[in-house]
Amino acid sequence: MSFKVATPDLPRQFHGKWNKNVYHVLRELGRGANGAVYLTTQGGVKRAVKVGFEGMDILMEVNVLKSLQQGRDSRVGPLLCDVDDLVLNGRPCTFYAMEYLDGDQLDDYIQKAGVEWVPVLIVQLLARLDILHKHGWTFGDLKPENVIVTRQDKQVSLIDFGGVTKLGNAVRQFTEEYDRAYWHAGDRRSEVSYDLFSTAVMMVRLVVDSQTWHMSLGEPRQTQILCDIIRKSDSLYPYRVPLIKAFHGKYATAHEMRAEMLAILRESTVAPASPAPTKQQGSGTGGKWISSLFVASMLLLAGTLYYAWFL
Amino acid sequence: MFSLLRVDTVAKTGRMGRLFVKEATLRQILVVTDGCSNSGMSPVAAAALAREQGITVNVIGVIDKSELGEKGETEIRDIAEAGGGLCDIVYPQQLAQTVQMLTRKAMTRTIHQVVNKELQEILGDSGIEELAPSKRVQVAGMVDELGEKSNLNVVMLVDTSGSMKPKISAVQQAIHDFSISLRSRSGQSRMAVCSFPGKHQHLDVRIPWTDKVEQAHQLTPDLAMSGITPTGPAIVEAITLFEHIKLPQALSERYRESNVEDGEGDLRDHVF
Numbered sequence: 055m056s057f058k059v060a061t062p063d064l065p066r067q068f069h070g071k072w073n074k075n076v077y078h079v080l081r082e083l084g085r086g087a088n089g090a091v092y093l094t095t096q097g098g099v100k101r102a103v104k105v106g107f108e109g110m111d112i113l114m115e116v117n118v119l120k121s122l123q124q125g126r127d128s129r130v131g132p133l134l135c136d137v138d139d140l141v142l143n144g145r146p147c148t149f150y151a152m153e154y155l156d157g158d159q160l161d162d163y164i165q166k167a168g169v170e171w172v173p174v175l176i177v178q179l180l181a182r183l184d185i186l187h188k189h190g191w192t193f194g195d196l197k198p199e200n201v202i203v204t205r206q207d208k209q210v211s212l213i214d215f216g217g218v219t220k221l222g223n224a225v226r227q228f229t230e231e232y233d234r235a236y237w238h239a240g241d242r243r244s245e246v247s248y249d250l251f252s253t254a255v256m257m258v259r260l261v262v263d264s265q266t267w268h269m270s271l272g273e274p275r276q277t278q279i280l281c282d283i284i285r286k287s288d289s290l291y292p293y294r295v296p297l298i299k300a301f302h303g304k305y306a307t308a309h310e311m312r313a314e315m316l317a318i319l320r321e322s323t324v325a326p327a328s329p330a331p332t333k334q335q336g337s338g339t340g341g342k343w344i345s346s347l348f349v350a351s352m353l354l355l356a357g358t359l360y361y362a363w364f365l
Numbered sequence: 049m050f051s052l053l054r055v056d057t058v059a060k061t062g063r064m065g066r067l068f069v070k071e072a073t074l075r076q077i078l079v080v081t082d083g084c085s086n087s088g089m090s091p092v093a094a095a096a097l098a099r100e101q102g103i104t105v106n107v108i109g110v111i112d113k114s115e116l117g118e119k120g121e122t123e124i125r126d127i128a129e130a131g132g133g134l135c136d137i138v139y140p141q142q143l144a145q146t147v148q149m150l151t152r153k154a155m156t157r158t159i160h161q162v163v164n165k166e167l168q169e170i171l172g173d174s175g176i177e178e179l180a181p182s183k184r185v186q187v188a189g190m191v192d193e194l195g196e197k198s199n200l201n202v203v204m205l206v207d208t209s210g211s212m213k214p215k216i217s218a219v220q221q222a223i224h225d226f227s228i229s230l231r232s233r234s235g236q237s238r239m240a241v242c243s244f245p246g247k248h249q250h251l252d253v254r255i256p257w258t259d260k261v262e263q264a265h266q267l268t269p270d271l272a273m274s275g276i277t278p279t280g281p282a283i284v285e286a287i288t289l290f291e292h293i294k295l296p297q298a299l300s301e302r303y304r305e306s307n308v309e310d311g312e313g314d315l316r317d318h319v320f
């Protein structure tokens, strides 16, 4: 639909102007706001190649991927393999090649594997976000389409870094459904809490069917609507406290939210028969857990009173 | 290109980044329409005129069930091309995010062009394309940062001819939403909202220059829905809203008056 921001079709084979790597194009994998991604082989290895006409946007993504690669901690997204130029229809284009991650889009995977995977994958996702945030970036355009679950080892990975924004700047790209400002819950400044808000909305989205979801997108767009969905859903209800805290920007780090989600997840998997999944106890992970939960619960007390209707 | 930076000295000291930020004000007109213009001068010529005066013109076509038609699409593309901006055709639901994205991409592009011009002076004819991608990554980071920090003035020019009626609520939402996006930037941002055709002129100023739009919902009641679409003349009048351009006598009186009026109105709002 968008022709000015449109991306070119690649020839079946091309090579980079600087590094001279030769790529054989197999098929298109998808399109983002900044360009199109193709599956290719280069020297017998599968690579995902992203091409766009607006070189600066592509290079910003490279910038992010590069900065993430400098740390040796666990992975956030695909590894960057090559950055180069090619000429398409007489115009110079910038492209980059990255490791090809074979897997399903997050929402497709949940469809196939079941909603019980939602909290597990969200906890994983929060770990990825935590690393990204520690590097000084927020993801920005967080949505199921930008998260994949690898086929082999069921690991969550972020893809499409076009929305990744330096902390403190204005979010570069967003999708209304997962956007904090759309829900009248804050502005569009790149903050840890912006990503956590999107994560919480995404968790709700992944659990409900698309009809319920689309009904909830009408006016007024307030997080109250999301709270109503959470209250009615057996899968979401146990996670209501972290979800609501995320809606209200109460977490300073993704790690904090992850810890609370994980505690609930453990509780529900350790004692699946328990009819009251609301109690929070550190299940044998030591005093640190319990004391942090105590602090958290003190904080929550005020919140709980505020959300008294919810209990 | 325009008063973005003191080109010569800056380029030679190789510190364009720092000075650039101080000087940069980006000016844009964003046209939101759903069809072809049918009155007055060519909107493509008007966009070219805007670009000559340092104003980028972006265009968003809003479609409903009905398509824009080839003629409408071509016009939108040509306006953006001549205005040095970008365009997109979207459904009303996508309007808000498209407004933000086009604005940002057009800013990046403008800054890129200016930076590229600087680089050409340093590197010779070819400019940035002759830099290896690994070097250009650093330039990209700088361009992005400049985009964030520079001042931005945007006039939203909303087509309120009859066929836009069902889409106006989405437009209002987008106006309010855009103000949130602008507020989230580090650089100073201002926006103004105009509708065309105006009651008496080609365009009515709905929201004068402001950095905060809370009153978008007030837009509805007096929106005049009319059959003619004078996109070209409206762009020409929108150009005059940017203060760096000297207004022709007739227009200057009109706009100065309305600006002062609304400025006071704004103040009153803040007092209460």
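Those sequence lines, one after another, are chains A and B. Residue 55 is where the first sequence starts when you use the numbering used here, and the numbers rise one by one after that. Residue 49 is where the second sequence starts when you use the numbering used here, and the numbers rise one by one after that. All C-beta atoms in this analysis are idealised placements derived from N, C-alpha and C, irrespective of residue type, glycine included.
Practice item. Assuming L290/A and V258/A form a contact by the criterion Cβ under 8 Å, report the distance between their Cβ atoms to the nearest whole angstrom. Key: Start at 1 with the first residue of the first sequence, and residue 290/A comes out as number 236. Start at 1 with the first residue of the first sequence, and residue 258/A comes out as number 204. About 6 Å separates the CB atoms of L290/A and V258/A; that is less than 8 Å, so the two are in contact.
Point to revise | Beta-carbon gap between G216/A and G86/A smaller than 8 Å | key: As a working note, residue 216/A is residue 162 in the first sequence. As a working note, residue 86/A is residue 32 in the first sequence. Closer than 8 Å, so yes.
Exercise for review: Could you check which residue in R75/B, L289/B, S211/B has the C-alpha nearest to that of R152/B?
Suggested key: In the second sequence, counting from the first residue as 1, residue 152/B sits at position 104. Checked all of R75/B, L289/B, S211/B; the closest Cα to R152/B is R75/B.
Check your understanding: How big is the Cα-Cα spacing for R101/A and L175/A?
Key -> As a position in the first sequence, residue 101/A is number 47, starting the count at 1. As a position in the first sequence, residue 175/A is number 121, starting the count at 1. One C-alpha to the other measures close to 25 Å.
Practice item. Taking C-beta pairs closer than 9 Å, name the residues in chain A that H323/B reaches, listed in chain order. Key: In the structure as shown, chain B starts at 49 and stops at 320, and residue 323/B therefore has no counterpart that could be examined.
Review point. Would G131/B pass as a contact of T156/B if the rule is Cβ separation under 8 Å?
Key: Locating residue 131/B in the second sequence gives position 83, counting from the first residue. Locating residue 156/B in the second sequence gives position 108, counting from the first residue. No, Cβ-Cβ distance for G131/B and T156/B is not below 8 Å.
Check your understanding: Starting from W237/A and walking both ways along the beta strand (DSSP E), at which residues does that stretch end?
Key -> As a first step, residue 237/A is located in the first sequence; it is residue number 183 there, counting from the start. Where W237/A is concerned, there is no enclosing beta strand (DSSP E), because DSSP gives it neither an H nor an E.
Review point. Which runs of the beta strand (DSSP E), 3 residues or longer, sit entirely within the segment 140-227 of chain B?
Key: As far as the segment 140-227 of chain B is concerned, its whole beta strand (DSSP E) runs of at least 3 residues are 199-207.
**Study point:** Collapsed DSSP secondary structure at I318/A in the structure displayed
**Key:** Your numbering for residue 318/A matches position 264 in the first sequence. DSSP places I318/A in the helix class (H, G or I) of the three-state scheme.
Exercise for review: Report back the beta-carbon spacing between I77/B and I103/B to the nearest angstrom; my notes put them in contact at under 8 Å.
Suggested key: In the second sequence, the residue the question calls residue 77/B occupies position 29. In the second sequence, the residue the question calls residue 103/B occupies position 55. Contact holds; Cβ gap of about 6 Å.
**Study point:** Whether R234/A touches V210/A by CB criterion (8 Å)
**Key:** Counting from 1 along the first sequence, the entry for residue 234/A is found at position 180. Counting from 1 along the first sequence, the entry for residue 210/A is found at position 156. No, Cβ-Cβ distance for R234/A and V210/A is not below 8 Å.
Review point. Quick check: the segment 242-256 of chain B against the segment 279-292 of chain B, are there 3 or more CB pairs under 8 Å?
Key: With a cut-off of 8 Å, the segment 279-292 of chain B and the segment 242-256 of chain B count as touching, because enough Cβ pairs lie within range.
Check your understanding: In whole angstroms, what separates the C-alpha of K304/A from that of D249/A?
Key -> Walking along the first sequence from the start, residue 304/A turns up at place 250. Walking along the first sequence from the start, residue 249/A turns up at place 195. Whole-angstrom Cα-Cα distance: 12 Å.
Practice item. Mind listing the chain B neighbours of M269/A? Cutoff is C-beta to C-beta under 7 Å, in chain order. Key: Residue numbering aside, residue 269/A sits at position 215 when the first sequence is read from its first letter. None at all; the shortest Cβ gap to chain B is about 14 Å.
Exercise for review: Could you tell me whether the Cβ of E100/B comes closer than 8 Å to any Cβ of chain A?
Suggested key: As a first step, residue 100/B is located in the second sequence; it is residue number 52 there, counting from the start. It does not: the Cβ of E100/B has no partner Cβ on chain A nearer than 8 Å.
Practice item. Quick one: measure Cβ to Cβ for G210/B and G117/B, integer angstroms, because I've assumed they're closer than 8 Å. Key: Residue mapping note: residue 210/B aligns to position 162 of the second sequence, counting from 1. Residue mapping note: residue 117/B aligns to position 69 of the second sequence, counting from 1. The distance from the Cβ of G210/B to that of G117/B is about 16 Å, inconsistent with a contact at the 8 Å cut-off.
Review point. Any residues in the segment 184-198 of chain A with a beta carbon nearer than 9 Å to a beta carbon of chain B? Which ones, in chain order?
Key: Under the 9 Å Cβ criterion, the segment 184-198 of chain A contributes no residue.
Review point. From S328/A to L319/A, what distance separates their C-alpha atoms?
Key: Mapped onto the first sequence, residue 328/A falls at position 274. Mapped onto the first sequence, residue 319/A falls at position 265. No answer about S328/A holds up, because its pLDDT of 49 lies below 50 and its placement is not dependable.
**Study point:** Unbroken alpha helix (DSSP H) run spanning S270/A, endpoints
**Key:** Taking the first sequence and counting its residues from 1, one reaches residue 270/A at position 216. Element bounds for S270/A: 264-270.
Point to revise | Neighbourhood of E312/B by C-beta distance below 7 Å, restricted to the same chain and skipping five residues each side | key: Position 264 of the second sequence holds residue 312/B. Low confidence applies to E312/B: its pLDDT is 36, below 50, so where it sits in the model is not reliable enough to give any reading.
Check your understanding: What separation, rounded to the nearest whole angstrom, lies between the Cα atoms of S50/A and L271/A?
Key -> Chain A is shown from 55 up to 365; residue 50/A falls before or after that span and cannot be answered.
Review point. Hey, how far is the Cα of P331/A from the Cα of A239/A?
Key: Working through the first sequence from its first residue, we reach residue 331/A at position 277. Working through the first sequence from its first residue, we reach residue 239/A at position 185. With a pLDDT of 49 at P331/A, under the threshold of 50, the modelled position of this residue cannot be trusted; read the value that follows with caution. C-alpha separation (whole angstroms): 28 Å.
Practice item. May I have a chain-ordered list of the beta strand (DSSP E) segments no shorter than 3 residues that lie completely inside the segment 143-197 of chain A? Key: Within the segment 143-197 of chain A, the complete beta strand (DSSP E) segments at least 3 residues long are 145-153, 157-159, listed from N- to C-terminus.
Point to revise | Helix, strand or coil at F244/B [DSSP, three-state] | key: For the purposes of this step, residue 244/B is identified with residue 196 of the second sequence, where counting begins at 1. Strand.
Check your understanding: Under the rule that 16 or more other beta-carbon atoms within 10 Å means buried, what is N117/A, buried or exposed?
Key -> In the first sequence, counting from the first residue as 1, residue 117/A sits at position 63. A buried status is given to N117/A, since no fewer than 16 other beta-carbon atoms sit within 10 Å of its beta-carbon.
**Study point:** Among I202/A, S322/A, H302/A, nearest to L83/A - alpha-carbon criterion
**Key:** Taking the first sequence and counting its residues from 1, the one referred to as residue 83/A is at position 29. If we check each option's Cα against that of L83/A, I202/A comes out closest.
Check your understanding: Buried or exposed: where does N223/A fall if 16 or more other Cβ atoms within 10 Å of its Cβ makes it buried?
Key -> The residue given as residue 223/A occupies position 169 in the first sequence. Buried, by the Cβ-count rule.
Check your understanding: Using a C-beta to C-beta distance shorter than 8 Å, which residues of chain A count as neighbours of M204/B?
Key -> As a position in the second sequence, residue 204/B is number 156, starting the count at 1. Chain order gives no chain A residues near M204/B, where near means a beta carbon separation below 8 Å; the closest approach is about 17 Å.
Exercise for review: Report yes if the C-beta distance between Q221/B and A144/B is below 8 Å; otherwise report no.
Suggested key: Here the question's residue 221/B lines up with position 173 in the second sequence. Here the question's residue 144/B lines up with position 96 in the second sequence. Going by C-beta atoms, Q221/B is nearer than 8 Å to A144/B.
Practice item. Quick one: give me the first and last residue of the alpha helix (DSSP H) that Q67/A is part of. Key: Looking up residue 67/A in the first sequence gives position 13. No alpha helix (DSSP H) holds Q67/A; the beta strand (DSSP E) holding it covers 67-69.
Exercise for review: Drop a sphere of 10 angstroms on the beta-carbon of P274/A, count the other beta-carbons inside from all chains shown, and report buried for 16 or more, exposed for fewer.
Suggested key: Start at 1 with the first residue of the first sequence, and residue 274/A comes out as number 220. Exposed, by the Cβ-count rule.
**Study point:** Contact residues within the segment 163-186 of chain B, judged by C-beta distance below 7 Å to chain A
**Key:** When CB distances to chain A are screened at a threshold of 7 Å, the residues of the segment 163-186 of chain B falling below it are E177, A180, P181, S182, R184, V185, in chain order.
**Study point:** Closer than 8 Å to chain A by CB, G83/B
**Key:** Translated into the one-based positions of the second sequence, residue 83/B becomes position 35. Not one chain A Cβ lies under 8 Å of G83/B.
Review point. Cβ of M152/A within 8 Å of Cβ of L133/A?
Key: Within the first sequence, residue 152/A is the residue found at index 98, counting from 1. Within the first sequence, residue 133/A is the residue found at index 79, counting from 1. Taking 8 Å as the Cβ cut-off, M152/A and L133/A qualify as a contacting pair.
Review point. Going by beta carbon distance, what residues of the same chain come within less than 6 Å of S247/A, once the five residues before and after it are set aside?
Key: Position 193 of the first sequence, counting from 1, holds the residue named residue 247/A. Hits under 6 Å: G303.
Exercise for review: Check the C-beta distance from G89/A over to K104/A and give it rounded, since I have them as a contact under 8 Å.
Suggested key: Position 35 of the first sequence, counted from the first residue, corresponds to residue 89/A. Position 50 of the first sequence, counted from the first residue, corresponds to residue 104/A. With a beta-carbon spacing of about 5 Å, G89/A and K104/A fall inside the 8 Å limit used to define contacts.
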